[in-house]
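All the letters of the sequence shown, read from the start, carry residue numbers 9 to 288 under the working numbering.
A virtual CB, placed ideally from N, CA and C, is assigned to each residue, including glycine.
For reference, the structure is listed below as structure tokens.
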Amino acid sequence: MILSILLMVMDHRFHQTETLRSTLSVLTYPIQFLAETPSNIGSWVMETLQTRRELQQSNQNLHRENLKLKAELQLVAALQAENERLRDLLGSAYKIGNRVLVAELSAMDLDPFRQQIVVDKGSRSGVFEGQAVLDAHAVMGQVIHVSPLNATVLLITDVEHALPVQVLRNGLRTIAVGSGRINQLEMPYLPNNADIRSDDLLVTSGLGGKFPPGYPVARVTEVKRQPGKPFATVLARPLAQLDRTREALLVWEVNVPPEFPEEEQQPAPAALPETEVTAP
């Protein structure tokens, strides 16, 4: 105890043990390091395990959030596409200028012998047989059967469909007949000397009373003139997206009452005979 007290007094008053302490600290450092090694290893292991667990949990959370965002992104893309289609339909309806009704496709049959679609509007909405049906780009077909809640539309590419058309460039009139292929129409009644070319635009001529004039129908893709045959082979590609569209426009003429589009307008009452009025 006396020696310890003397060493403390000498260290405090005269700083005589400074060198000795430094030397001893160097010599005892390995022992101190070895003594602290188990504690340091335990702390490192706990921190590593905890960090790994947090990373796994964070990874799982990010994975779930990524899946959720991808699902929402798909919905946003679908809504954006639907918005663009509806905008095209509204723009098309504005250009048409007639009364129109937007309907959604509920069924589709595109086999070579029957190319028809079913829309979710029927007689309760004023739909009638023979009504013209369009999409945002061109003519799709016409209604052939109506029920209270839906209607069947015969597409222009059906083999039983024939549509009076004319070449927009020169007014040449002909008949566009369905070929049974969703991307092809035929014009079998054009003579070899007819003025028609590839890339000519075909529009409705208004003949037949089914389709109002001026609606786009198709664009000519091929013209073959064979000597010795009376008619040329003319093929066209429909401009309507018959195999991709999900909405359709049912069109009424502007001079048909909206409440009863299938009925004819009543004639106006006859005017009363005019009487001559003389000034006093």
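What does the Cβ neighbour count give for S213, buried or exposed, with the cut at 16 atoms within 10 Å?
buried
One question on the structure: do F219 and L171 come within less than 8 Å of each other, judged by their Cβ atoms?
yes
Distance check for L163 and L63, CA to CA, integer angstroms please.
58 Å
Does DSSP classify Q64 as helix, strand or coil?
helix
Keeping to the same chain, check which residues put their C-beta closer than 6 Å to that of T160; ignore five residues upstream and five downstream.
Q124, V126, I152 and H153
By Cβ distance below 8 Å, which residues in the same chain neighbour R21 in space, the five residues on each side in sequence not counted?
none
Taking DSSP's pairing of strands, which residues face I190 in a bridge?
DSSP lists no partner for I190.
Could you check what DSSP says for E168 in three-state terms: helix, strand or coil?
coil
Would you mind sorting Q65 into buried or exposed? The rule is 16 or more other CB atoms within 10 Å of its CB.
exposed
Only counting the same chain, and skipping five residues up and downstream in sequence, which positions put a Cβ closer than 7 Å to that of G149?
V141, V161, L162, L163, I164 and H169
Among V17, I13, R227 and S114, whose alpha-carbon lies nearest the alpha-carbon of R177?
R227
Between the beta-carbon of M195 and the beta-carbon of V147, is there less than 8 Å?
Not in contact: M195 and V147 (Cβ atoms no closer than 8 Å).
With DSSP run on the structure shown, which of helix, strand or coil describes E272?
Legend: pLDDT at E272 = 38, less than 50; position of this residue unreliable, no value from coordinates given.
Looking at the unbroken alpha helix (DSSP H) that takes in M18, where does it start and where does it end?
I10 to R21
If you count every other CB in all the chains shown that lies within 10 Å of the CB of Q234, and 16 or more means buried, which is it?
Classification of Q234: exposed, given that the 10 Å Cβ count is below 16.
Helix or strand or just coil, what does DSSP make of S131?
helix
DSSP beta-bridge partners for I125?
M116 and V161
Coil, strand or helix - L181 by DSSP
Residue identity differs from the one stated: residue 181 is Arg in this sequence, not Leu. If DSSP states are grouped into helix, strand and coil, R181 belongs with the strands.
Length of the line joining the Cα atoms of P46 and T31:
Roughly 25 Å separates the two Cα atoms.
Among D208, S187 and M9, whose alpha-carbon lies nearest the alpha-carbon of G179?
That would be D208, whose Cα lies nearest to the Cα of G179.
Please confirm if M9 has its CB atom under 8 Å from at least one CB of chain D.
Absent here is chain D; the protein component of the structure consists of one chain.
Reference A202; option with closest CA among G188, T182, R254 and Q40
T182
For H145, the three-state DSSP class (helix, strand or coil):
coil
Leaving out the 5 sequence neighbours to the left and right, which residues in its chain are closer than 6 Å to G216 when beta-carbon positions are compared?
P172
Let me know if A43 comes out buried or exposed under the rule of 16 or more other beta-carbons within 10 Å of its beta-carbon.
exposed
Report yes if the CB atom of S155 is closer than 8 Å to the CB atom of S131, and no otherwise.
yes
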